[in-house]
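First residue of the sequence shown: 0, per numbering that gives the first Met the number 0; consecutive thereafter. To keep things clear, I will list the structure first and then write my remarks on it.
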Amino acid sequence: MSHHYFFAVPLPPRTKKVIKEKCDQLSNILPFHKWVHIEDYHITLAFLGGIELAKVEQAILEMSSPLQKLTPFSLSLHSFGTFGKPSQPRIFWVGIEKNQFLHQTRSIVFESCEKVGFQLETRPFSPHITVARKWRGTENFDSHLLKEAELSDNFIVDRVVLYQTHLDRIPKYEVIETITFNK
């Protein structure tokens with residue numbers, strides 16, 4: 000049986016709490032259909048889709064050594080944004096300040112997956128944390144609300160994880176493998 004898997008940067012509990020508290024405030028004024036569970040916050044590096052675990056293990060072997068040589072680095076949350084139609088967005092997210100170390104990490108993961116035969120999305124990497132899905136307001140989404148939704152936090156990235164998706168559970172992402180950076 001195949002499952003859906005993806006590689007991602009997990010968030011520390013304190014950062015998840017900061018995001019969750021802000022989302023709890025925003026959920027009263029932003030009617031999105033589904034708000035993401037606090038334990039499911041992450042930054043996707045490569046979505047693999049429905050595949051066999053044996054192939055994922057090849058990718059893990061390929062990326063482990065280069066990832067384990069990386070030094071932990073700091074990331075900053077900085078704003079909210081949307082993907083999809085501006086008046087009815089399908090994704091509401093928290094943005095990450097541009098960071099060369101995050102892009103380097105993503106490149107290692109992405110290239111390792113491609114090397115073992117995965118066909119990955121080719122659109123540019125746009126690091127974010129999805130916090131809600133599917134606008135369901137009777138009015139159009141007002142992008143001016145994003146200016147009022149300030150958010151800031153810093154956290155240390157020191158690992159990449161492989162998640163398995165369980166659509167029938169909440170939280171729906173299970174950590175299958177962790178690759179820790181050099182400390």
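Virtual Cβ for every residue (Gly too), placed ideally from N, Cα, C. Quick caveat, the model's predicted, so the values are computed rather than measured.
Annotation: S73 is outside any alpha helix (DSSP H); the continuous beta strand (DSSP E) that includes it extends over F72 to K84. Closest in alpha carbon position to F154, among N98, T129, K68 and K133, is N98.
In this structure the region 22-40 lies against the region 124-133, because at least three pairs of beta carbons, one per stretch, are closer than 8 Å.
Annotation: the continuous alpha helix (DSSP H) that includes A58 extends over L52 to Q67. Straight across, the Cα-Cα distance linking V159 with Q118 is about 20 Å.
In the three-state reduction of the DSSP assignment, F117 falls in the coil class. Here E176 carries a strand assignment [DSSP, helix/strand/coil]. Judged by DSSP secondary structure, P88 falls within the beta strand (DSSP E) whose first and last residues are Q87 to I95.
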